[in-house]
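Residue numbers (my numbering): -8 to 270. Virtual Cβ for every residue (Gly too), placed ideally from N, Cα, C.
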């Protein structure tokens, strides 16, 4: 099972955070749901750097915000976030919560016509940029209302979001199931170090795998492998202060320590040593 803090660069800074599996009916659409809840004193902020999974996220978020002396107002929305090529940071202030879903490729490809256009970006669900018009009971407003009504009961919120996704997306296609198998392999199997390894395991050509990743995730299979390795490296650096960086690089399939160091600088904006000293 994947460690629930993998990808979270500074777990000690997390607000109340819950990770739950989807309902069985949505298991082919969502890897898991994540629910942060926060209530910070006035003037206090919490910075949350994240090294995201090579996947899209759907988030329903409510912020309770107010200027000094004013009545809090509720601002909320439903956002579709694409896969990322670098670490991102969310700054939390005031009070609020979010219910997010780490989408499996079978769902993402049905919510956005061009996943590649959402890499390092986001759209409000139902907006013209998604290319997926809303209709009937499956509108983003329906999702927002159902999840908002269920909170703070996180189990009920997950049930509402799972039901909405099944209604909106439907069952996965054959290609969607193959894309799910690809993502599961690239995100979780430490033995997959090359695109050729994944193609052989899935019994498809490298070119087929590349096209599938582009259509369903927006990233290349090689980029997905690099993200998994960097997540694992960051977790090892954080959890084992005595482990040498050279040993971590070798265990995770990097050519050498210099390649690991380059990944840290390029994606996280700091060296592995700087990261270790800051956790």
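Problem set entry | Three-state secondary structure (DSSP) of residue 107 | Your numbering for residue 107 matches position 116 in the chain shown. Note: residue 107 maps to helix in three-state DSSP.
Problem set entry | Length at least 4, wholly inside the stretch 215 to 263: the alpha helix (DSSP H) runs in chain order | 236 to 242 and 248 to 254
For this session: Closer than 7 Å by C-beta to residue -2: which residues in its own chain qualify, once you throw out the five before and the five after it? Chain order, please.
Result: The count along the chain shown starts at 1 and reaches residue -2 at position 7. Once the five neighbours on either side are set aside, the close Cβ partners of residue -2 are 41, 42, 43, 44 and 222.
Problem set entry | Alpha-carbon spacing of residue 253 relative to residue 140, whole angstroms | Your numbering for residue 253 matches position 262 in the chain shown. Your numbering for residue 140 matches position 149 in the chain shown. So the two alpha carbons sit approximately 46 Å from each other.
Exercise. Contact check, residue 171 vs residue 95 under 8 Å by CB: the rounded distance?
Worked result: Locating residue 171 in the chain shown gives position 180, where the first residue counts as 1. Locating residue 95 in the chain shown gives position 104, where the first residue counts as 1. Yes, residue 171 and residue 95 are in contact; Cβ-Cβ is about 5 Å, under 8 Å.
Exercise. From 173, 191, 136 and 89, pick the residue whose C-alpha is nearest to that of residue 210; which is it?
Worked result: In the chain shown, counting from the first residue as 1, residue 210 sits at position 219. That would be 173, whose Cα lies nearest to the Cα of residue 210.
For this session: Tell whether a beta-carbon distance below 8 Å holds between residue 243 and residue 224.
Result: Taking the first residue of the chain shown as 1, we reach residue 243 at position 252. Taking the first residue of the chain shown as 1, we reach residue 224 at position 233. Going by C-beta atoms, residue 243 is nearer than 8 Å to residue 224.
Exercise. By a C-beta neighbour count over all protein chains shown, 10 Å radius and 16 as the cutoff for buried, is residue 257 buried or exposed?
Worked result: The residue labelled residue 257 in the question sits at position 266 within the chain shown. Counting Cβ neighbours within 10 Å, residue 257 comes out exposed, since fewer than 16 surround it.
For this session: Using 10 angstroms around the beta-carbon of residue 272, count the other beta-carbons present and answer buried if the total reaches 16, otherwise exposed.
Result: Outside the modelled stretch of the chain, which goes from -8 to 270, sits residue 272, for which no answer is possible.
For this session: Quick one: give me the first and last residue of the beta strand (DSSP E) that residue 92 is part of.
Result: Counting from one through the chain shown, the residue named residue 92 turns up at place 101. It spans 86 to 94 - the beta strand (DSSP E) in which residue 92 sits, taken as one unbroken run.
Exercise. Between the beta-carbon of residue 23 and the beta-carbon of residue 86, is there less than 8 Å?
Worked result: One-based indexing of the chain shown puts residue 23 at position 32. One-based indexing of the chain shown puts residue 86 at position 95. No, the Cβ-Cβ distance between residue 23 and residue 86 is not below 8 Å.
Exercise. Considering only residues of the same chain and omitting the five flanking positions on each side of residue 79, which have a CB-CB separation below 7 Å?
Worked result: Start at 1 with the first residue of the chain shown, and residue 79 comes out as number 88. Cβ neighbours of residue 79 beyond the five flanking positions: 41 and 43.
For this session: Whole angstroms is fine: what's the gap from residue 227's alpha carbon to residue 239's?
Result: If you number the chain shown from 1, residue 227 lands on position 236. If you number the chain shown from 1, residue 239 lands on position 248. Annotation: residue 227 to residue 239 spans about 7 Å, alpha carbon to alpha carbon.
For this session: Determine the extent of the beta strand (DSSP E) in which residue 10 is found, giving its start and end residues.
Result: Reading the chain shown from its first residue, position 19 is the one you call residue 10. Its beta strand (DSSP E) spans residues 7 to 11.
For this session: Put residue 141 into one of helix, strand or coil per three-state DSSP.
Result: Looking up residue 141 in the chain shown gives position 150. If DSSP states are grouped into helix, strand and coil, residue 141 belongs with the helices.
For this session: Could you tell me the boundaries of the beta strand (DSSP E) in which residue 115 lies?
Result: Taking the first residue of the chain shown as position 1, residue 115 is located at position 124. 113 to 115 is the extent of the beta strand (DSSP E) around residue 115.
Problem set entry | Reference residue 231; option with closest CA among 260, 266, 149 and 112 | Reading the chain shown from its first residue, position 240 is the one you call residue 231. Of 260, 266, 149 and 112, the residue nearest in Cα terms is 266.
Exercise. What does a CB cutoff of less than 8 Å around residue 142 pick up in its chain, not counting 5 residues either side in sequence?
Worked result: Here residue 142 refers to the residue found at position 151 when the chain shown is read from its first residue. Within the same chain, residue 142 has close Cβ partners 53, 88, 90 and 148.
Problem set entry | Cβ neighbour criterion (16 or more within 10 Å) applied to residue 135 | Residue numbering aside, residue 135 sits at position 144 when the chain shown is read from its first letter. Burial call: buried.
For this session: Scan the stretch 140 to 189 and note each continuous alpha helix (DSSP H) run of 4 residues or more that stays entirely inside, going in chain order.
Result: 145 to 160 and 165 to 179
For this session: Just confirm the distance between the C-beta atoms of residue 115 and residue 68, as a whole number of angstroms; I'd bet it's less than 8 Å.
Result: Counting from 1 along the chain shown, the entry for residue 115 is found at position 124. Counting from 1 along the chain shown, the entry for residue 68 is found at position 77. So it is a contact: roughly 6 Å between Cβ atoms.
Exercise. Between residue 156 and residue 92, is the Cβ-Cβ spacing less than 8 Å?
Worked result: Stepping through the chain shown from its first residue, residue 156 is reached at position 165. Stepping through the chain shown from its first residue, residue 92 is reached at position 101. Their beta carbons are under 8 Å apart, which means residue 156 touches residue 92 by this criterion.
Exercise. Between residue 107 and residue 198, what straight-line distance do the alpha-carbon atoms span, to the nearest angstrom?
Worked result: The count along the chain shown starts at 1 and reaches residue 107 at position 116. The count along the chain shown starts at 1 and reaches residue 198 at position 207. Distance between the alpha carbons of residue 107 and residue 198: 17 Å.
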